[in-house]
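Beneath this line is the structure, given in structure tokens, with notes to follow.
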Amino acid sequence: MKPRGDFDLKKTREFLVAVALLVTGGVATFVTQEQSAQAAGRKTTVSVVLEPQNRQAMIDAVYDTVDPSSQAYHKYLSTSQVGDTYGQPTAKLNQFKAYFKRYKLATAVYPGNLMLKVSGQYSNVLKAFKAKLVTSKHKVNVTLPKTLAGQVDSVVGLTMGAKKAKVIKNTKATTRPNLKLNGADFSKQYGAQKFVDNYQLNALYDKGLEGQGQRIGLVMLSDYNKGDVATYLQKNGLAADTTRLHKYYAVPKSQVTQAFKLPAAMPAQMEASLDVQQAASLAPKAEIDTFLGTMSGTTNTPVMTDASFLNTFAEAISRNIDKQISTSYTVGNEVLGFGELPLSETKEEYSQAFDTLFQQAALQGITIFNASGDHGPYDSPNKKPNLSIPTSAYEVEVGGTQLPFSKKLNGKQVTVTKERAWGDVVGLSKEDISQGVFEGSGGGFSVLNPTPRYQLGFPGVNTFNAIQHLTFSKGKYVLNRDPKVISGTGSGRNVPDVSGNAAGATGYATYFTARVGKKTNPIWMVGGGTSYVAPQMAAANAVMNSGLKSVTGFWNPQIYTFAQTADSPFNPLQDTTNNDNLYYTGQPGKLYNQATGLGTVNFEKLYNHFNRQ
Numbered sequence: 049m050k051p052r053g054d055f056d057l058k059k060t061r062e063f064l065v066a067v068a069l070l071v072t073g074g075v076a077t078f079v080t081q082e083q084s085a086q087a088a089g090r091k092t093t094v095s096v097v098l099e100p101q102n103r104q105a106m107i108d109a110v111y112d113t114v115d116p117s118s119q120a121y122h123k124y125l126s127t128s129q130v131g132d133t134y135g136q137p138t139a140k141l142n143q144f145k146a147y148f149k150r151y152k153l154a155t156a157v158y159p160g161n162l163m164l165k166v167s168g169q170y171s172n173v174l175k176a177f178k179a180k181l182v183t184s185k186h187k188v189n190v191t192l193p194k195t196l197a198g199q200v201d202s203v204v205g206l207t208m209g210a211k212k213a214k215v216i217k218n219t220k221a222t223t224r225p226n227l228k229l230n231g232a233d234f235s236k237q238y239g240a241q242k243f244v245d246n247y248q249l250n251a252l253y254d255k256g257l258e259g260q261g262q263r264i265g266l267v268m269l270s271d272y273n274k275g276d277v278a279t280y281l282q283k284n285g286l287a288a289d290t291t292r293l294h295k296y297y298a299v300p301k302s303q304v305t306q307a308f309k310l311p312a313a314m315p316a317q318m319e320a321s322l323d324v325q326q327a328a329s330l331a332p333k334a335e336i337d338t339f340l341g342t343m344s345g346t347t348n349t350p351v352m353t354d355a356s357f358l359n360t361f362a363e364a365i366s367r368n369i370d371k372q373i374s375t376s377y378t379v380g381n382e383v384l385g386f387g388e389l390p391l392s393e394t395k396e397e398y399s400q401a402f403d404t405l406f407q408q409a410a411l412q413g414i415t416i417f418n419a420s421g422d423h424g425p426y427d428s429p430n431k432k433p434n435l436s437i438p439t440s441a442y443e444v445e446v447g448g449t450q451l452p453f454s455k456k457l458n459g460k461q462v463t464v465t466k467e468r469a470w471g472d473v474v475g476l477s478k479e480d481i482s483q484g485v486f487e488g489s490g491g492g493f494s495v496l497n498p499t500p501r502y503q504l505g506f507p508g509v510n511t512f513n514a515i516q517h518l519t520f521s522k523g524k525y526v527l528n529r530d531p532k533v534i535s536g537t538g539s540g541r542n543v544p545d546v547s548g549n550a551a552g553a554t555g556y557a558t559y560f561t562a563r564v565g566k567k568t569n570p571i572w573m574v575g576g577g578t579s580y581v582a583p584q585m586a587a588a589n590a591v592m593n594s595g596l597k598s599v600t601g602f603w604n605p606q607i608y609t610f611a612q613t614a615d616s617p618f619n620p621l622q623d624t625t626n627n628d629n630l631y632y633t634g635q636p637g638k639l640y641n642q643a644t645g646l647g648t649v650n651f652e653k654l655y656n657h658f659n660r661q
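This is the structure:
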């Protein structure tokens with residue numbers, strides 16, 4: 049999400065810095081100022097990700113839950129059933145507890161028995177894990193007794209001698225929504241009704257389906273103001289009922305509250321606010337459960353951001369109260385890892401940790417939605433294409449499009465005649481170009497996850513058309529005057545799966561109150577990014593689930609099957625011109641591309657497909 053907000057950048061230098069760090073939807077890597085998060089004499093928390101008893105059987109069981117020919121079809125498990133069948137046994141968990149207790153550490157087991165949360169004095173954590181900093185490998189090595197080590201996939205969130213990570217700062221021109229519009233018109237131009245009208249969710253509203261009986265989980269790294277959500281809903285002509293907003297804390301509430309007061313947390317606050325606003329407005333009768341973690345770069349919270357993010361997902365999944373969970377945050381990069389931060393886990397292990405949690409979610413009938421990113425295949429500036437973590441095969445990767453529009457952008461008339469992949473290379477300001485950071489739908493090929501079984505052999509998967517708009521030079525991207533068009537093949541998990549409107553030029557409104565010193569500033573802004581689309585998809589899923597006999601569960605194997613039917617619920621964007629995400633573009637005659645995945649969704653048809661199974 050590249051926010052374009054109604055900010056007075058001249059008020060304070062502190063406010064300018066906060067605005068400059070506004071996060072990109074779902075792809076901001078929060079690894080700044082980590083050294084203070086863990087220090088001798090302070091308490092800390094790390095995560096221990098456990099190996100399932102039989103991972104292949106667990107994976108097969110995940111697919112069986114959405115296979116109509118299987119006896120396990122839609123027979124979802126409770127957390128205790130997951131734990132009994134695939135998690136570590138109680139006797140082994142007790143061994144972990146006893147071992148860590150010797151070092152005066154507390155151990156909590158997440159329901160499902162696939163992850164532990166270990167807390168205590170930082171110095172004792174180092175001793176328990178026999179942590180050693182290996183400078184040459186930029187890694188913290190950990191060692192556990194052989195009786196326990198065989199059951200451990202990874203230890204997440206332990207660092208030693210961390211340096212400050214570099215932060216890329218870029219600001220954008222801001223746009224304010226027209227607040228003179230009435231609720232219905234405001235919603236059509238800036239709010240839920242735009243999504244409803246373009247993706248046929250209105251047909252489900254006409255059936256009386258509005259998310260009743262459903263709960264939507266949102267995984268966040270910041271708190272938000274419920275009053276801001278009420279203001280947003282009122283402006284969209286909706287009931288401002290905040291009693292359906294619920295907060296669950298993955299870390300102590302005091303840590304979340306402390307972080308929320310700091311100016312550096314403002315970007316994450318804005319992200320949290322828009323997530324809640326999008327979900328609450330699109331599924332007006334669903335309960336909204338927000339799971340709150342913290343970013344160690346914004347305060348002296350003792351939990352590293354990587355562990356906090358993982359723990360917050362574990363909290364949401366193990367509570368098992370939401371059948372759709374969305375996030376617009378991420379920590380880490382598939383190529384660059386965690387920047388300058390030496391951690392106890394590798395990027396491969398961190399990616400695997402999310403696989404384990406998302407497999408548990410699928411067994412429980414939970415659909416996971418994740419914003420795919422806002423810089424095309426270039427999540428972070430690098431000569432190699434790179435995507436953010438996670439790109440799990442067990443989540444729905446949500447990409448971005450641009451709706452038709454015509455307006456002057458930075459003195460140039462820009463016209464889009466039909467919905468296309470989101471990729472901004474025209475109508476840019478000189479400042480945009482000089483910064484070398486460009487916006488587009490996150491997509492490409494994962495280098496950490498193989499091509500999943502539901503994508504193998506699918507038309508368009510592992511082949512591509514592309515336009516080389518950008519070249520990486522001197523630490524940033526520059527526009528090519530004469531971009532080349534190429535075709536080729538790739539491998540790995542193809543991203544995204546589906547897409548929806550995410551371009552700032554056709555974006556959505558957000559409202560939040562930002563603290564600047566002792567003052568609180570009310571801010572209305574129009575923004576774009578896949579951050580908006582992920583919670584929208586989760587809300588649309590809740591609307592569908594409110595009318596289905598059984599919840600949709602693990603989307604991906606099902607939607608790739610639906611996409612090949614005569615009455616496909618997807619609109620593939622196949623054009624090779626004016627249809628790219630800064631690189632990948634359409635593949636004529638094929639149902640998939642790495643800019644928009646299967647394309648946009650017709651939720652009336654998608655509901656009918658799920659309802660017929």
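According to my numbering, the sequence shown is numbered sequentially starting from 49. Glycine included, every Cβ here is placed at the ideal spot set by N, Cα and C.
> Going by DSSP, what residues sit across from G471 in a beta bridge?
Replying inline: G471 is bridged to G488.
> Name the DSSP bridge partner or partners of W572?
Replying inline: W572 is bridged by DSSP to Y559.
>> Just verifying my parser: in three-state terms, what is the DSSP assignment at K301?
In response: Under the three-state reduction of DSSP, K301 is assigned to helix.
> Going along the chain, which unbroken runs of the beta strand (DSSP E) with 3 or more residues stay wholly within the region 130-204?
Replying inline: The region 130-204 contains these whole beta strand (DSSP E) runs: 154-157, 163-169, 180-182, 187-189 and 200-204.
> Just to confirm, are K91 and Q143 a CB contact at a threshold of 8 Å?
Replying inline: In this structure, K91 sits away from Q143, with a CB-CB distance that is not shorter than 8 Å.
> Distance, Cα to Cα, T415 vs K371?
Replying inline: For T415 and K371, the distance between alpha carbons rounds to 6 Å.
> How would you label V182, buried or exposed, when you count the other beta carbons within 10 angstroms and need 16 or more for buried?
Replying inline: By the neighbour-count criterion, in which a residue is buried when 16 or more other Cβ atoms sit within 10 angstroms of its Cβ, V182 is exposed.
>> According to DSSP, simplified to helix, strand and coil, what is A120?
In response: In this structure, A120 counts as coil in the three-state DSSP scheme.
>> I'd like to know if the region 151-158 and the region 607-626 are in contact, where contact means that at least 3 CB-CB pairs between them fall below 8 Å.
In response: Taking a cut-off of 8 Å for Cβ pairs, the region 151-158 and the region 607-626 do not touch, as fewer than three such pairs fall below it.
> Helix, strand or coil: which one does DSSP assign to L293?
Replying inline: Note: L293 maps to strand in three-state DSSP.
> Which runs of the alpha helix (DSSP H) spanning at least 4 residues fall entirely within the region 568-619, listed in chain order?
Replying inline: Runs of the alpha helix (DSSP H) inside the region 568-619: 578-593 and 603-610.
> Roughly how far, in whole angstroms, is the beta-carbon of P429 from the beta-carbon of G492, given that I think they are within contact range, below 8 Å?
Replying inline: With a Cβ gap of about 15 Å, P429 and G492 do not count as contacting.
> Grouping DSSP H, G and I as helix and E and B as strand, with all else coil, what is E396?
Replying inline: Correct three-state label for E396: helix.
> In chain order, which continuous runs of the alpha helix (DSSP H) of length 4 or greater are located wholly inside the region 475-541?
Replying inline: Runs of the alpha helix (DSSP H) lying entirely within the region 475-541 and spanning at least 4 residues, in chain order: 478-483.
> How big is the Cα-Cα spacing for F406 and G575?
Replying inline: A direct Cα-Cα distance of roughly 29 Å separates F406 from G575.
> D245: buried (16+ other C-beta within 10 angstroms of its C-beta) or exposed?
Replying inline: So D245 ends up on the exposed side.
> So what does DSSP say about Y111, is it helix, strand or coil?
Replying inline: Under the three-state reduction of DSSP output, Y111 falls in the helix class.
> Quick one: what does DSSP say Y632 is sitting in, helix, strand or coil?
Replying inline: Strand.
> Taking all protein chains shown into account, do 16 or more other C-beta atoms lie within 10 angstroms of the C-beta of V79, making it buried, or fewer, making it exposed?
Replying inline: Because the pLDDT at V79 is just 39, under 50, the model does not fix this residue reliably, and the point stays unresolved.
>> Taking only three categories from DSSP, how would you classify K566?
In response: The answer is coil: DSSP assigns K566 none of H, G, I, E or B.
> Do the region 374-387 and the region 193-203 make contact, defined as three or more Cβ pairs closer than 8 Å?
Replying inline: Touching, no, given that fewer than three Cβ pairs across the two stretches are closer than 8 Å.
> Can you tell me where the beta strand (DSSP E) with G548 in it begins and where it stops?
Replying inline: It spans V546 to N549 - the beta strand (DSSP E) in which G548 sits, taken as one unbroken run.
> Would you report the Cα separation of V324 and T558, rounded to the nearest angstrom?
Replying inline: C-alpha separation (whole angstroms): 10 Å.
> Rounded to a whole number of angstroms, what is the C-alpha to C-alpha distance between T290 and T394?
Replying inline: One Cα belongs to T290, the other to T394, and the distance between them is close to 40 Å.
> Per DSSP, V462 is paired with what?
Replying inline: Looking at the DSSP assignment, V462 forms a beta bridge with K455.
>> On a Cα-Cα basis, can you pick out the residue from F486, S392, N497 and V495 that is closest to Q204?
In response: It is worth fixing the name first, because residue 204 is Val in this sequence and not Gln. Among F486, S392, N497 and V495, the Cα nearest to that of V204 belongs to S392.
>> Once the 5 residues before and after Q606 are set aside, which same chain residues still bring their CB inside 7 Å of it?
In response: Cβ within range, chain order: V114.
> Using the rule of at least 16 other Cβ atoms within 10 Å of the residue's Cβ for burial, across every protein chain shown, is Q642 buried or exposed?
Replying inline: Q642 sits buried, since 16 or more C-beta atoms from the chains shown fall within 10 Å of its C-beta.
> Where do the N-terminal and C-terminal ends of the alpha helix (DSSP H) with N662 fall, by residue?
Replying inline: The chain is shown from 49 up to 661; residue 662 falls before or after that span and cannot be answered.
>> Between H657 and F618, how many whole angstroms is the CB-CB distance? I'm expecting something under 8 Å.
In response: In fact, because the Cβ distance is near 10 Å, the residues do not count as touching under 8 Å.
> Expressed to the nearest angstrom, what Euclidean distance is found between the alpha-carbon atoms of M106 and L125?
Replying inline: M106 and L125: Cα-Cα distance of roughly 12 Å.
> Using 8 Å as the limit for Cβ to Cβ distance, is Y377 near chain B?
Replying inline: The displayed structure is made up of one protein chain only, and chain B is not part of it.
>> Using the three-state DSSP reduction, which class does G265 fall into: helix, strand or coil?
In response: For G265, the secondary structure class from DSSP, reduced to helix, strand or coil, is strand.
>> Given this structure, state the Cα-to-Cα distance separating V299 from S356, to the nearest angstrom.
In response: Within the model, the alpha-carbon separation for V299 versus S356 is close to 8 Å.
>> Can you check which of these residues, M585, Q237, T561 and T554, is closest to D271 by C-alpha distance?
In response: Nearest C-alpha to D271: T561.
> Near E652, what residues of its chain come up, given a Cβ to Cβ distance below 6 Å and the 5 sequence neighbours on each side ignored?
Replying inline: Counting only Cβ-Cβ distances below 6 Å, and skipping sequence neighbours, we find Q248 and A251.
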